[in-house]
Amino acid sequence: MLAALTALGPLATNMYLPALPAMAEALDTGADQVQLTLSVYLAGLALAQLFCGPISDRYGRRPVMIVGFALFLAASLLCALAPSIGWLLVGRFLQALGGAAGPVLARAAVRDIYGPLEAGRVLSYMASTMSLAPALAPVVGAGLLLFFGWESIFWLLVLYAVAMLATLIWMLPESLSLELRQSVEPLVILRNYRMLLTQRAFVGYTLINAAVFAGMFAFLSGSSFVLI
Numbered sequence: 017m018l019a020a021l022t023a024l025g026p027l028a029t030n031m032y033l034p035a036l037p038a039m040a041e042a043l044d045t046g047a048d049q050v051q052l053t054l055s056v057y058l059a060g061l062a063l064a065q066l067f068c069g070p071i072s073d074r075y076g077r078r079p080v081m082i083v084g085f086a087l088f089l090a091a092s093l094l095c096a097l098a099p100s101i102g103w104l105l106v107g108r109f110l111q112a113l114g115g116a117a118g119p120v121l122a123r124a125a126v127r128d129i130y131g132p133l134e135a136g137r138v139l140s141y142m143a144s145t146m147s148l149a150p151a152l153a154p155v156v157g158a159g160l161l162l163f164f165g166w167e168s169i170f171w172l173l174v175l176y177a178v179a180m181l182a183t184l185i186w187m188l189p190e191s192l193s194l195e196l197r198q199s200v201e202p203l204v205i206l207r208n209y210r211m212l213l214t215q216r217a218f219v220g221y222t223l224i225n226a227a228v229f230a231g232m233f234a235f236l237s238g239s240s241f242v243l244i
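If you read the sequence shown in the working numbering, its first letter stands for residue 17, the second for the next number, and so on.
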């Protein structure tokens, strides 16, 4: 279940990439505008992850994930029905705000439930899912595009969000006990992030990862226009 929650981000990022040229034609816009839907999604994802953790420390993992997946569901509907590129950009940004809850809080739930050794094993399974989902998502997206059109990709994400919401509401218990919950204090949150930025090792590894992912997403956003 937790692995399925972490797969949401890669699915929403990669599944629609083969459809970018078709989306540009259908929405009567340029390639640069359609490629912006990926940039907007990544910006929303980065922004939301800064706040998901602290909010869940106060209210629990389960309520924040439910709200996040509900927002992702509504945003996916907006993307599927978007009449213009402007509405699609709004939908993609809202998708990211909601979808960030899955990968972030699934990892936090593992920490809540398991001890250090068992948590490492579970996180390795989740990492396998995270690596498999980006590989399969474009294949699924290309098949949907071929037979049903680009909108069907977002309709599939709607169905995925519905399934995850139902599981969260009826099957997944809260992992963070009441005695471990903390108040949301913006100054404390800012101080914690500032402390991270003073750690040279953290900043160095983060910049290395940022450079790798920047190159990868630059390729992903343009490859469909070159290869298709």
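We put the CB at the ideal spot given by N, CA and C, even for glycine.
As a quick exercise: from 240, 122, 48, pick the residue whose alpha carbon is nearest that of residue 189.
To locate residue 189, count along the sequence shown from 1; it is residue 173. Comparing Cα positions, the closest option is 122.
Span separating the alpha-carbon of residue 176 from that of residue 182:
Position 160 of the sequence shown, counting from 1, holds the residue named residue 176. Position 166 of the sequence shown, counting from 1, holds the residue named residue 182. Going from the Cα of residue 176 to the Cα of residue 182 covers about 10 Å.
Given 8 Å, three or more beta-carbon pairs between the stretch 37–55 and the stretch 141–154
no
Am I right that residue 197 and residue 74 are in contact with their C-beta atoms under 8 Å? What's the rounded C-beta distance?
By 1-based counting over the sequence shown, the position of residue 197 is 181. By 1-based counting over the sequence shown, the position of residue 74 is 58. Confirmed, about 6 Å.
Go through its chain and collect everything with a Cβ distance to residue 116's Cβ below 6 Å, but skip five positions before and after it.
Within the sequence shown, residue 116 is the residue found at index 100, counting from 1. Contacts found: 61, 64, 65, 68.
Once DSSP output is grouped into helix, strand and coil, what is the label at residue 132?
As a first step, residue 132 is located in the sequence shown; it is residue number 116 there, counting from the start. Helix at residue 132.
Of the residues 186, 170, 225, the one placed nearest residue 91, counting alpha carbons only
Counting from 1 along the sequence shown, the entry for residue 91 is found at position 75. The residue with the shortest Cα to Cα distance from residue 91 is 170.
Just mark residue 186 as buried or exposed, buried being the case when its beta carbon has 16 or more other beta carbons within 10 Å.
Counting from one through the sequence shown, the residue named residue 186 turns up at place 170. Counting Cβ neighbours within 10 Å, residue 186 comes out exposed, since fewer than 16 surround it.
Starting from the C-beta of residue 72, find all residues in its chain whose C-beta is less than 6 Å away, skip the five residues before and the five after it, and write them out in chain order.
Reading the sequence shown from its first residue, position 56 is the one you call residue 72. Excluding positions up to five away in sequence, the list reads 80, 121.
Considering only residues of the same chain and omitting the five flanking positions on each side of residue 174, which have a CB-CB separation below 8 Å?
The residue you call residue 174 lines up with position 158 of the sequence shown. Taken in chain order, the residues that qualify are 89, 92, 93, 96.
Only counting runs of 3 or more residues, tell me where the beta strand (DSSP E) segments fall wholly within the stretch 186–226, in order along the chain.
none
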